[in-house]
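Numbering (this note's numbering), first residue to last: 201 to 1168. Here the structure is laid out as structure tokens; the discussion comes afterwards.
Dropping the structure here:
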């Protein structure tokens, strides 16, 4: 590395791995003097045309002077970055700082010329776009605010790189050259472009893993049994449509097959490309395998081998080395310690997992970080024959193991536009990048339901998971996920129950629920469950145990036609006696009635109906019909999911087996009422063995539907004319000059909040009774006398506060009582404050979490928030609609709205206060914590009686920087 005294230290933090447009990866790093040979080799592989575009003249080779110039940088005024694959350059970019006259300059000059060169074989992969993001971030770090580039008009690809970046720019043409100038400050458009490119690249990288054209299982044993041999058999038995190879270096010479699969001693011996390698060798042999795969051009790895971070510090280092090694060759990894992946599409039929049975094709995407939970989920779904897998089915399944590389975020990028997936179910034990997950979840939930259950909620993440530290409690993280549209559930059972309903029923238009059935008691249980979930049930309609299938059909038809009903729950118990309703007849009656009114969801609660369970699982087909078959059939008007592209729909190949299970077992699980031919447009009715499970799933669907409606109009972040952003910035800069982090004093806090229109009631210190009297004269009676010692602050219940002191006599008496009860004034730290109008005491907080970002919190002051945890949260910046919902989302919100005849509080003023605090923290990330406590919200206006602010250098925000993969 460079060590000359005139050069800065090598900026290792500029190194990054990126995903390119085609799903492969590259490493971006600074160019150093050690790269001379790599640079020459790279340039020799560039076409004469590309060289001409770079230097505006024929330039067949680099001179020694050129090589010296392009490899010697000071990392301030002259910077070069290279994109590498396999350790070799595939593209370069450099900037040179220039002055106003266009000649080389140093700071404070803030403009630089930038130029790219991309190897022809790698053009079109998005390499230049990624390099532009990274060189732009480097330039901003070094005080450069603007780039200039000169491009030949014929070099349309490079012109497009600059114009598509989204920066504010201007273009001129002179002397046959296009000159582009653009500011480097991120804009809404540049961030949108960056996110869109990130989405395409990461989605494509997952698609390459889930839909390979060829697979090699490395470590497939010569004898039956073992992990590798099991995976090989599972891929073969699933009917994988691509080419399959077995690899085992211990195979005898001349051994050409293993279980009927072509076998080789090394992946290098395979004649033809290998898209995906499943690695099932001991951990100590994996590096050799990765090298062979990289040199053969394998695109991705599923590493089922164990012995990595889950095994301790040594394994953690082995895992880091694995990721770095694979990325060197542009490969992405699922795992290590992974259970595997499944793709049920008839175009792929891949079961590269340890699951011996393939779930039925369907519309649910399933992600599990834990292999054990993945086993349990797939086992349960397979056992349900007529349940989720039997009817609704799985599109793709990913078990990420230690998720050292590919994570839930990557798979969300893929599922967002996957035409074969309508509902996403995720089991997460950790969220490595909560800020990004929340952003992706919000976008995904706006198109299709996303249901999440979190494990390890009350403890540390599993050893194998590298996660960022967060100071937020689990309840806060859950609230933020719900704000992003995530359907949060607590158990695997709830995960499947909710997914089943959302996959095949329309979203309810509201919380009004009709209940009908042949059991009064079961109807009442369902009614109570609806109330507990916050729904608005109608009185149950009892059809009596003598009800026929026609009676059920008529009652359901009437309920669905009722404009006062948004959803229907049908309850059914066994009927006995001659003429009792048959199970198949009941299933058909409910199906036909619901099919006539496809806009409202229908659920069934059944009790020990073995025959009905058989009927519910009797679908002849479990996958959507081919597009040609379904073209003449209208889809439901509102399904709550993104309609799949016609050309991407799944046919019914390989689904003749109904997979039914014995009735005794069937009654334990959720079922679906099928049509005679279950097609993509068929209304499949979910049935549950308990009212609570059905109603809980319905309640989650109602809340999600409301979120979808609200998300369509998220509101706006209002502007306030009295906000002095520049004044606040100057004050913050001056205060931070004192040190890296500090809690502001009372006067400084009032000054800073005042710049954002937040006025804090003055509290004057009263070290003596005479000082208290003088303070009261200054403020005006009536006043409050408060002890501000840490153990008494905000604890009116301990008696450290005296209110409504109307004159000097009352004030002196209160002062004497406080000192007699709690000690000397030096211990109490008493203050005097003018009385505020009576109202409801609330607390407002904002904090910047290093993982989740800036969070605004609100609750009632005192026991409600401190003891009961009744606090609501929103990500900053908060819109006006979000502020309104924040105030109303706590359980004790009725106290603000005239509960039991009290005067309603001025919630509009409260919402404005929340918005002003949100603006302060969003505009100035150096404000890392704000607490307003108490805030007294009166009938008209509010009073901020206490405030504290903490300043510090803000945590780095990688969501505003260039695209990168997590560092290892």
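Built from N, CA and C at the ideal position, the CB exists for glycine as well.
Answer with buried or exposed for residue i, where buried requires no fewer than 16 other C-beta atoms within 10 angstroms of its C-beta.
i	result
residue 733	buried
residue 1072	buried
residue 1082	buried
residue 924	exposed
residue 539	buried
residue 1177	In the structure displayed, the chain extends from 201 to 1168; residue 1177 sits before or after that span and is not available.
residue 959	exposed
residue 501	buried
residue 370	exposed
residue 869	In this prediction, residue 869 scores a pLDDT of 49, lower than 50, which makes its location untrustworthy; the coordinate-derived value is nonetheless stated afterwards. Buried, because 16 or more other Cβ atoms sit within 10 Å of the Cβ of residue 869.
residue 322	buried
residue 311	buried
residue 682	buried
residue 1030	buried
residue 772	buried
residue 373	exposed
residue 840	The predicted model places residue 840 with a pLDDT of 38, which falls under 50 and marks its position as unreliable; any figure quoted below should be read in that light. Result: buried.
residue 970	exposed
residue 382	buried
residue 519	buried
Using C-beta distances below 8 Å, list every residue in its chain close to residue i, excluding the 5 sequence neighbours before and after it, in chain order.
i	result
residue 606	405, 406, 409, 532, 533, 534, 598, 600
residue 440	415, 548, 549, 550, 551
residue 1164	216, 217, 218, 1158
residue 288	238, 241, 242
residue 749	781, 782, 785, 786, 788, 789
residue 392	366
residue 1078	917, 1056, 1086, 1114, 1115, 1118
residue 973	1008, 1011, 1012
Helix, strand or coil: which one does DSSP assign to residue i?
i	result
residue 726	helix
residue 445	strand
residue 265	helix
residue 357	helix
residue 699	helix
residue 718	coil
residue 501	strand
residue 889	coil
residue 456	coil
residue 368	coil
residue 1025	helix
residue 381	strand
residue 407	helix
residue 1094	helix
residue 902	helix
residue 1131	strand
residue 257	coil
For residue i, I'd like the list of residues in its chain whose CB is within less than 7 Å of its CB, leaving aside the five on either flank, ordered along the chain.
i	result
residue 848	Note that residue 848 scores a pLDDT of 29, beneath 50, so its modelled location is shaky; the value from the coordinates is reported in the next line. Hits under 7 Å: 619, 620.
residue 838	Residue placement at residue 838 is flagged as unreliable, the pLDDT there being 36, under the threshold of 50; the coordinate-derived value follows with that caveat. Excluding sequence neighbours, residue 838 sits near 706, 707, 799.
residue 359	351, 378
residue 449	465, 466
Residues in its own chain within less than 6 Å of residue i by CB, not counting five upstream and five downstream?
i	result
residue 212	none
residue 257	none
residue 963	1031, 1033
residue 468	492, 496
residue 711	735, 736, 902
Is residue i near the ligand SAM, going by C-beta to nearest heavy atom under 7 Å?
i	result
residue 223	Questions concerning the ligand SAM fall outside what the structure shown contains, since it holds no ligand whatsoever.
*Segments of 3+ residues assigned as beta strand (DSSP E) that fall wholly inside the segment 581-642*: 594-599, 623-628
*Going along the chain, which unbroken runs of the beta strand (DSSP E) with 3 or more residues stay wholly within the segment 267-342?*
278-285, 288-298, 311-318
*If we count Cβ pairs, one from each stretch, closer than 8 Å, do we get three or more for the segment 887-895 versus the segment 911-918?*
No, they do not touch.
*Counting Cβ pairs, one atom from each stretch, are 3 or more of them under 8 Å apart for the segment 313-324 and the segment 554-565?*
no
*Contact between the segment 486-500 and the segment 511-531: three or more CB pairs below 8 Å?*
In this structure the segment 486-500 lies against the segment 511-531, because at least three pairs of beta carbons, one per stretch, are closer than 8 Å.
*Return the chain-ordered ranges of every alpha helix (DSSP H) run that is complete within the segment 479-558 and spans a minimum of 4 residues.*
Within the segment 479-558, the complete alpha helix (DSSP H) runs of at least 4 residues are 486-496, 513-528.
*Could you give the uninterrupted runs of the beta strand (DSSP E) lying entirely in the segment 919-991, keeping only those of 3 residues or more?*
Note on the segment 919-991: whole beta strand (DSSP E) runs with a minimum of 3 residues are 963-965, 983-987, in chain order.
*Of all the beta strand (DSSP E) runs that stay within the bounds of the segment 991-1073, which reach a length of 3 or more residues?*
1001-1005, 1030-1034, 1040-1049, 1053-1060
*At least 3 beta-carbon pairs within less than 8 Å: the segment 418-435 vs the segment 459-474*: yes
*asked:* Would you call the segment 1045-1052 in contact with the segment 988-1007, where contact means no fewer than 3 C-beta pairs closer than 8 Å?
replied: no
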